[in-house]
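Each protein sequence line maps, in turn, to chains A and B.
Each residue of the first sequence is one higher than the one before, counting from 21 in the numbering used here.
Each residue of the second sequence is one higher than the one before, counting from 4 in the numbering used here.
What follows is one structure encoded as structure tokens, with my remarks underneath.
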Amino acid sequence: MELILNFNNVDKTSLPQVGGKNASLGEMIKAGIRVPPGFAVTTAAYQHFIAETGIGDAVFAHISDLDVNDVESLNKASAGIQELMRSSAMPEKINRAVRENYETLCRTCGTDTVPVAVRSSATAEDLPTASFAGQQDTYLWVLGADRVVERVKHCWASLFTPRAISYRVKNNFPHEKVLISVGVQKMVHSKAAGVLFTLNPTNGDPSKVVIEGSWGLGETVVSGSVTPDKFVVDKVIMEVSEKTISAKHIECVYNAGTGGVVEVDVAPDRQTRCCLDDREVMELVQMAKYIEEHYARPMDIEWAIDEDVTFPENVFIVQARPETVWSQKKKESVIGKKSGYQLLMEQAMKRIKIS
Amino acid sequence: MADEKAGRFPDPHEYQVPPELEGWEEMYPSHYLFSDDRKEWESKQFWYLDKIHAPEPMPPLDQIFQEAWQISLSQYTTRVFCIPPAQGIAQRMVGCYMYICAIAPPPEEIIGEKAALFEKRVFYVFEHYEELWKKWLTKFKALGNEMAAVEVPKELPKFVPEDQVLPAPRGYYASYDLMTAFDKLANLMIKGWQYHFEMLNLTYLAYLMFGDVTRKLFPGISESAIGKMVAGAYVSMFKPEEELCRLARVARTSSIVSEVLKKEMPAQEKIAELDKTSEGKNWLQEFENAKDPWFYVSCGSGWFHHEGSWLTNLNIPFSYIKDYVERLERGETIERALDVINKQRDEIVAEYRNLIKTDDDRKAFDDAYKTIRTIYRYAEDHLFWVEHWLHTIWFSKIRELGKVLVDNRMLDRPDDIFMFNRYEVPEILTEVATGWALGVDIPLRGSYYKAKAKKRRDILEAAANWNPTPALGVPPEEVAEPFTIMLWGVTTDRVKEWLEGMGEVKGEDVSEVKGFASSAGVAEGPARVLRMLKDIVKLQPGEVLVCPSTNPSWAPVFTKITAAVTDIGGLTSHAAIVCREYGVPSVTGTGIATSVIKTGDIIRVDGDTGAVTIVKRA
Chain A
21 MELILNFNNV DKTSLPQVGG KNASLGEMIK AGIRVPPGFA VTTAAYQHFI AETGIGDAVF
81 AHISDLDVND VESLNKASAG IQELMRSSAM PEKINRAVRE NYETLCRTCG TDTVPVAVRS
141 SATAEDLPTA SFAGQQDTYL WVLGADRVVE RVKHCWASLF TPRAISYRVK NNFPHEKVLI
201 SVGVQKMVHS KAAGVLFTLN PTNGDPSKVV IEGSWGLGET VVSGSVTPDK FVVDKVIMEV
261 SEKTISAKHI ECVYNAGTGG VVEVDVAPDR QTRCCLDDRE VMELVQMAKY IEEHYARPMD
321 IEWAIDEDVT FPENVFIVQA RPETVWSQKK KESVIGKKSG YQLLMEQAMK RIKIS
Chain B
4 MADEKAGRFP DPHEYQVPPE LEGWEEMYPS HYLFSDDRKE WESKQFWYLD KIHAPEPMPP
64 LDQIFQEAWQ ISLSQYTTRV FCIPPAQGIA QRMVGCYMYI CAIAPPPEEI IGEKAALFEK
124 RVFYVFEHYE ELWKKWLTKF KALGNEMAAV EVPKELPKFV PEDQVLPAPR GYYASYDLMT
184 AFDKLANLMI KGWQYHFEML NLTYLAYLMF GDVTRKLFPG ISESAIGKMV AGAYVSMFKP
244 EEELCRLARV ARTSSIVSEV LKKEMPAQEK IAELDKTSEG KNWLQEFENA KDPWFYVSCG
304 SGWFHHEGSW LTNLNIPFSY IKDYVERLER GETIERALDV INKQRDEIVA EYRNLIKTDD
364 DRKAFDDAYK TIRTIYRYAE DHLFWVEHWL HTIWFSKIRE LGKVLVDNRM LDRPDDIFMF
424 NRYEVPEILT EVATGWALGV DIPLRGSYYK AKAKKRRDIL EAAANWNPTP ALGVPPEEVA
484 EPFTIMLWGV TTDRVKEWLE GMGEVKGEDV SEVKGFASSA GVAEGPARVL RMLKDIVKLQ
544 PGEVLVCPST NPSWAPVFTK ITAAVTDIGG LTSHAAIVCR EYGVPSVTGT GIATSVIKTG
604 DIIRVDGDTG AVTIVKRA
């Protein structure tokens, strides 16, 4: 079993080794969609880590008779496991593999220390209930091989947050069966970022792509901490049918001083400036159409615009998952079985209210 | 607008026009005036300014087209095809501007009777459209040829020619010919307009139906998307331009011909020069062959005598040909790929269709689409034949009569005949005929008519500087008349906009105008306001065209401009179609662009939102 798999060598069949998020990124790369490069630390690496360090028994001992409704014990058990996992040394084989792959990524990006996002990618993420997603950690703007190795361990440990433990217990999902992979992906130096839907989420109109975006990293849009700019685009005739520019008062950016991501105020004159230009909007719509076609279903997509790269190479897709709300609705005819003449007769009888 | 209350416009019987317009009432037929006899009915209706057919003050004789369409449009809805809840559109004149009103639905029992007739008559038309169109075109061409053949006496002879007397007297003479020529022309025009609406009401109804179906399937679909699915590039509207391209290619086969055509000189001089060589003569013959019908195209909408046509302004087609010859020399393609336009339309339709989720809906969509596509080309084809070809013939015939009146010292210039309405012209002609019949040295009232023509020109000029209220009377609760919705876009929003009083805003205070986002993209540049096509020579490459409306005679302009803005026209208007094709942003149907934007203003045209912003005043 491979410990590391480059995103280029991953697709939807790789889910057991690399988890849902990584498999999806690999699938998109394979389909020719512009996704930032990176690699997956596989579930085999996680298993190797548990086996090599011999912490398995200690971990499961913490939670074998745990009452998850007892918040205090739950928190205590979680903290114990996470501490145990973080403090255990990374087995040399994995350590070397992660470092080598990170260095290769740096060379690909033409820099010594490329900033990366380190994210967990669980194999159980495709459970019917979507809420399992996002329970593992994401670390943005990680710099240097040492930090990457450390954050990979933190991601593994995030499998045992109090919420994750309690969720599995409540859903009768055995802890031992849940495996985790970690994605290490080049960080987009995002000028603007956000989400998009390949249908209009407010009315289900399948002929629209709806884009929401704001300055900086996409976190502000996902969390709802700003009112984003909104674009509704007809994906057939490629015309913007609605464009709302909002005052985007804060943005998430990388802070070199603290080495982390911080929320900062946006200068007043920049707040009401549109975060995407027309070409970028259209490029996103093209990509959205392509992704929807590839997956043959409506999709929910995260995107980012890199400020270090020129158009169109600056437009990246960072995540894509199936849209769940409208896709699950029963497909009912809205017009019914009617001939052109019946429809004409109906129209002829119509009166339009105008006041 | 003194008594404007919330929710209602001035009462038509109380509304005052500026004193400079004094005497305007006598310019129009008396049934066009708001009157005490009909006060009760008139006060209850909603009258709005018809900016599509009467964007400018109405010359009295040009009023004939309005009179003709009021009857024709209405009768097809009420008495011929019987659109059940709809009635006709009534017209009134106020201070040289025309107001129109969609009449409220008839009583329920009439609606029921009409519904039965509608089913029987309308579905038949859709089933037999192709053959009906062929019949329509045949009879319409015959009508135009009949009109062109109406003989207008060139002069009233001192004595009637011998052959009209011997061997057997003809029995009627120049006096009769003069009086009846106008009657024939007027009657043929009325008849042409009866034909005009033969299938138009149904076309609009089908368009509204298809729009409704697509809006149900795709709730946020734009008007422009619906327009793109339905509209095509049809033969008649694009043919004049195609013929110019063809003539340019023919010219390229002879360097003698193309050198003459490239010269900077008036068309008449070019023609004289071409006529000196055999190659030139051949080319002129080609030009003559193409002329009727394709260069019978108005330089404007076709609704006003003063717009002129390619026939009366040969410099226009010749300047286009010059441009095309030069472009061919540079190796450029000049023809527009009409099949590509139609192919793109089919691809768009297929793509929307693929998004439909259920088989029933897909079937209904296909059926609705087939219904509108069967008939839609009528909306584009009839326009060339009626408003361009037939109107051009008519104007030229009427000018012949005008010339007779000038020769008989009744008018100062031939076009003054348009200062008299269609009930007054027979009176002038009769006076001339009478004078001729009475003998020599018979006084005529030339000074009376000359003075009247001058006064009316002054009134029209004063009216052009006046901004009449957008509407009169009480807005109705509902509208069923298809033209009102589709052509004039009368909706709640539009009525609200009017109520907010566009009429009171001074042009220079406006910084943004809105219209239909009819061709996507954003562009900024200096505005060039062109009210008449003949001013087109002033247009510089890179400017934004701002004009009342465009038609095929404007087509060659679109390669030079960065964006287009029109006062009139929806998403399937000529300007919208051509701009989309050239990828030039456009906003159409703003209503007021030519009055608030001045040449040289820097404007930004947003073809995605329909906004035109005045960035910097000149």
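Heads up, the beta-carbon is just placed ideally off N, CA and C, and yes, glycines get one too.
Predicted, not measured: the structure shown is a model, and the values here were computed from it.
Reduced DSSP secondary structure (H/G/I, E/B, other) of residue i
i: Met101/B; result: strand
i: Tyr18/B; result: coil
i: Glu283/A; result: strand
i: Val343/B; result: helix
i: Val263/B; result: helix
i: Glu300/A; result: helix
i: Ile617/B; result: strand
i: Asn275/A; result: strand
i: Leu408/B; result: helix
i: Thr217/B; result: helix
i: Glu312/A; result: helix
i: Gly29/A; result: It should be noted that the sequence gives Asn, not Gly, for residue 29/A. Three-state DSSP puts Asn29/A in a helix.
i: Glu332/B; result: helix
i: Lys325/B; result: helix
i: Ile185/A; result: helix
i: Gly58/A; result: strand
Limits of the unbroken alpha helix (DSSP H) element including residue i
i: Ala189/B; result: Ala177 to His199
i: Gly594/B; result: Gly594/B -> no alpha helix (DSSP H), and no H or E assigned at all.
i: Trp139/B; result: Tyr132 to Ala152
i: Leu287/B; result: Ser281 to Trp297
i: Ala440/B; result: Val428 to Leu441
Residue from the options with nearest C-alpha to residue i
i: Asn1/B; options: Val443/B, Lys123/B and Gln347/B; result: For chain B, the structure presents residues 4 to 621; residue 1/B sits outside this window and is missing.
i: Ser77/B; options: Thr602/B, Phe486/B and Tyr585/B; result: Phe486/B
i: Glu427/B; options: Ser46/B, Phe162/B and Met182/B; result: Met182/B
i: Glu310/B; options: Gly334/B, Tyr355/B, Gly230/B and Ser399/B; result: Ser399/B
i: Phe180/A; options: Asp249/A, Leu94/A, Thr128/A and Glu271/A; result: Leu94/A
i: Arg339/B; options: Pro296/B, Thr562/B, Val328/B and Ser225/B; result: Thr562/B
i: Ala97/A; options: Ser44/A, Arg183/A and Phe59/A; result: Arg183/A
i: Leu208/B; options: Arg376/B, Gly305/B and His577/B; result: Arg376/B
i: Val608/B; options: Ile571/B, Pro529/B and Ile74/B; result: Pro529/B
i: His577/B; options: Lys366/B, Leu250/B and Phe387/B; result: Phe387/B
i: Lys190/A; options: Asn26/A, Val88/A, Ala340/A and Ala78/A; result: Val88/A
i: Gly147/B; options: Ile55/B, Glu527/B, Thr395/B and Asn285/B; result: Thr395/B
Paired residues, beta bridge with residue i - DSSP
i: Lys250/A; result: Glu232/A and Thr264/A
i: Ile321/A; result: Leu216/A and Ala340/A
i: Gln94/B; result: Ile103/B
i: Val549/B; result: Val532/B and Val568/B
i: Trp50/B; result: Leu475/B
i: Phe241/B; result: Beta-bridge pairing links Phe241/B to no other residue.
Exposed unless 16 or more other CB atoms sit within 10 angstroms - verdict on residue i
i: Leu441/B; result: exposed
i: Gly603/B; result: exposed
i: Pro148/A; result: Any reading at Pro148/A needs caution, since the residue's pLDDT is 40, under 50, leaving its predicted position unreliable; the model's value is listed next. Classification for Pro148/A: exposed.
i: Gly438/B; result: buried
i: Asp166/A; result: exposed
i: Val482/B; result: buried
i: Trp44/B; result: exposed
i: Asn204/B; result: buried
i: Gly524/B; result: buried
i: Ala566/B; result: buried
i: Lys255/A; result: buried
Endpoints, the beta strand (DSSP E) within which residue i is located
i: Gln205/A; result: Ile200 to Lys206
i: Glu515/B; result: Glu515 to Lys517
i: Arg607/B; result: Ile605 to Asp609
i: Leu160/A; result: Thr158 to Val162
i: Ala523/B; result: No beta strand (DSSP E) contains Ala523/B, which DSSP labels as neither H nor E.
Within-8 Å CB hit, residue i to chain C
i: Tyr187/A; result: Absent from the structure is chain C; the protein chains it does hold are A and B.
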